[in-house]
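*Asks:* Each residue of the sequence shown is one higher than the last, beginning at 46 in this note's numbering. Here it is, the structure, as structure tokens.
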Amino acid sequence: MSPVRIIDASYVGVPETAATPPGPIRFTAMEALWVVFPVLQHVLLYEGDDDMPPFDAILQSLRSSLAATLESFAPLAGKLVHLEETGDVGISCSASDGVRFVVAECDADIRRLAGDEEHDLRVLEALVPEVDMGRLPTALLAVQATRFDGGVAVGLTVHHGAADGRALWTFVEAWATACRGETPAATPCFDRSLVKMPGGDELARSVLRKFAPNLPSVALASSVFEDRKRLIRRTFTLDEGDIQCLKLRIVHLNESGGTPLPRPPSAFAAVVALAWTCFARCKSFSLDDDVWLFFFADIRERLDPPVGAGYIGSCLTKCLARLPARELHGERALAAAASAVQDEINKMKEDPIAGWNFFSFDPMPSLDRLMNISGSSGFSAYQIADFGWGKPRRTEPIRMNSDGQVALMGSRDDRGVQVSVALLQAAQMDEFKSNFLALLE
């Protein structure tokens, strides 16, 4: 029996005063890729104290503030549809749109869920609403509020084509701000015409013809995600001191190797270098094998012209690095890894659009030797998700689909980095942790 029980489900409608686009919002080519990998989910865990309102009052505040937020985020309440006459997919909006709002209760110990290094994935997955995105039309957004004895969870499921991580947290920030009775600062933008890509709409259609040939069905074979339920997941947090020490170690390794850096590495490059090194060392790769690293870069501000931080959509390009396992086992592993990460970032800056198709690789990496980074150390999720009863005690991504996936976000104090890791084998996770801690000493 699941420890989470659904007790109610309803819809929060878009206010009549909300402006809705006159026609469908067609996905760009970057967004069309997500039609076959659509699910993005996060959960926010709040421990109760004397300042936390009763659950019924929380529900009322969440519903009313969600409605107010949909005034400017109305397309997220729409449906993703297949436009048969043109072959596009797009967001269809109407006056009757609404966001599914699920209410649940849970018997699990929220303090353990929020505090444990290892994830109780069975419970965490039940704290976000289920949305079947395998066939169009499909909802783009659903939310869930779950009552605990001593706390509350807020879970979100969103279509990744409609919102990448940055867009999701922009929405959460606006919703939380409205729930506190304040005026959201950001003005969201849903105008896809601002994203200038070679090939335009026809490029997006070609993506759909290739990767979703059976529209309106977009379901992938269940075997694609068969490992997901068996993944072991743990979360580690690097504080400000850890990150500074890590950066200094990388600087010193470069200096001792005769390749001084013009500036210290970014927190992102340093933390990814650490995770990549630990991944290579916890696996039984041949020292002559290449170990691959995949990560996304947000290119909103790098497009010509830039689309701005308020763009609500998916605006990501891929970066792909590789190093021989031998280098990631060597004394200068962190420096080599950080340099490879920075090289890929520099390539992306020179041509931000070049990596838009994250299904296209040349050469093709070996997937069993690939670490996949999602999220960003710059996501201040804890700071923005205060709905009026304090910051979440814990926030976690739910959908981590592959062995070697690592999700990043800013830490709870906003000065460190939270690192969530998914691996298939417990012994490898223990080895990952051992290397992680040793490299921080």
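Ideal placement from N, C-alpha and C gives every residue a C-beta, glycine not left out.
Hey, which unbroken runs of the alpha helix (DSSP H) at 4 residues or more fall wholly within the region 99-126?
*Replies:* Runs of alpha helix (DSSP H) with 4 or more residues, each lying fully within the region 99-126, are found at 100-114, listed in chain order.
*Asks:* Compare the beta carbon distance of P309 and V296 with 7 Å and say whether it is the shorter of the two.
*Replies:* yes
*Asks:* Where K124 and R275 are concerned, what is the direct C-alpha to C-alpha distance, given to the nearest angstrom?
*Replies:* 32 Å
*Asks:* At 4 residues or longer, and completely inside the region 124-173: list those alpha helix (DSSP H) runs for me, N to C.
*Replies:* 155-160, 166-170
*Asks:* Does the distance from the CB of L166 to the CB of G200 come in under 7 Å?
*Replies:* no
*Asks:* In or out: K241 buried (at least 16 other Cβ within 10 Å) or exposed?
*Replies:* exposed
*Asks:* Answer with yes or no whether the minimum CB distance from G358 to chain D is below 7 Å.
*Replies:* As a matter of chain content, chain D is missing from the structure shown, which is built from one protein chain.
*Asks:* Rounded to the nearest angstrom, what separates D458 and D246 at their Cα positions?
*Replies:* 42 Å
*Asks:* How far does the alpha helix (DSSP H) with N299 in it extend, from its first residue to its last?
*Replies:* 285-301
*Asks:* Out of V466, G58, A149, R345, which one is the CA nearest neighbour of C323?
*Replies:* Closest option to C323, Cα to Cα, is V466.
*Asks:* Cα-Cα, which of P99, F404, K328, G196 is closest to Q473?
*Replies:* K328
*Asks:* According to DSSP, what are the bridge partners of K363?
*Replies:* F341
*Asks:* Could you tell me the boundaries of the beta strand (DSSP E) in which H374 lies?
*Replies:* Run containing H374: none in the beta strand (DSSP E); it sits in the alpha helix (DSSP H), 370-374.
*Asks:* Mind pulling the alpha helix (DSSP H) runs of 4 or more residues that sit fully within the region 188-225?
*Replies:* 210-224
*Asks:* Helix, strand or coil for N417 per DSSP?
*Replies:* Strand at N417.
*Asks:* Kindly indicate which residue of S425, P369, R279 has the alpha-carbon position closest to the one of L213.
*Replies:* S425
*Asks:* Which of the three DSSP states is assigned to S465 in this structure?
*Replies:* strand
*Asks:* Check whether the region 398-411 touches the region 435-445, counting contact only when three or more Cβ pairs, one atom from each stretch, lie closer than 8 Å.
*Replies:* no
*Asks:* When you compare only the Cα positions, how much space is there between V386 and T362?
*Replies:* 14 Å
*Asks:* Since F146 contacts V57 with CB under 8 Å, what's their CB separation in whole angstroms?
*Replies:* 5 Å
*Asks:* What three-state label does DSSP hand Q450 in the structure shown?
*Replies:* strand
*Asks:* Could you tell me the distance, in whole angstroms, from the CA atom of Y356 to the CA atom of L338?
*Replies:* In a straight line, the C-alpha of Y356 is about 27 Å away from that of L338.
*Asks:* State the start and end residues of the unbroken beta strand (DSSP E) segment that holds Y91.
*Replies:* That run of the beta strand (DSSP E) goes 84-92.
*Asks:* Which residue or residues does DSSP assign as beta-bridge partners of T280?
*Replies:* S465
*Asks:* Where does E357 sit, in a helix, a strand or coil, going by DSSP?
*Replies:* The sequence given here has Ile at residue 357, not Glu. Note: I357 maps to coil in three-state DSSP.
*Asks:* CA-CA distance, R225 and F313?
*Replies:* 31 Å
*Asks:* The alpha helix (DSSP H) that contains T322, what's its start and end?
*Replies:* 312-327
*Asks:* Going by Cα to Cα distance, which pick from L128, E130, S137 is closest to A122?
*Replies:* Proximity to A122 across L128, E130, S137 peaks at S137, based on C-alpha coordinates.
*Asks:* Can the beta-carbon of V59 be found less than 7 Å from the beta-carbon of D142?
*Replies:* yes
*Asks:* Applying the criterion that 16 or more other CB atoms from any shown protein chain within 10 Å of the CB defines a buried residue, is I52 buried or exposed?
*Replies:* exposed
*Asks:* Taking the alpha-carbon of A383 as reference, which of I103, A318, A208 has the nearest alpha-carbon?
*Replies:* A318
*Asks:* Secondary structure at V80, three-state DSSP: helix, strand or coil?
*Replies:* helix
*Asks:* Does the structure place the region 59-68 close enough to the region 110-118 that three or more beta carbon pairs sit under 8 Å?
*Replies:* At 8 Å Cβ cutoff, the stretches touch.
*Asks:* Do A366 and D334 have their C-beta atoms closer together than 7 Å?
*Replies:* no
*Asks:* With H, G and I counted as helix, E and B as strand and the rest as coil, what does DSSP make of D388?
*Replies:* helix
*Asks:* Return helix, strand or coil for S55, following the three-state DSSP convention.
*Replies:* strand
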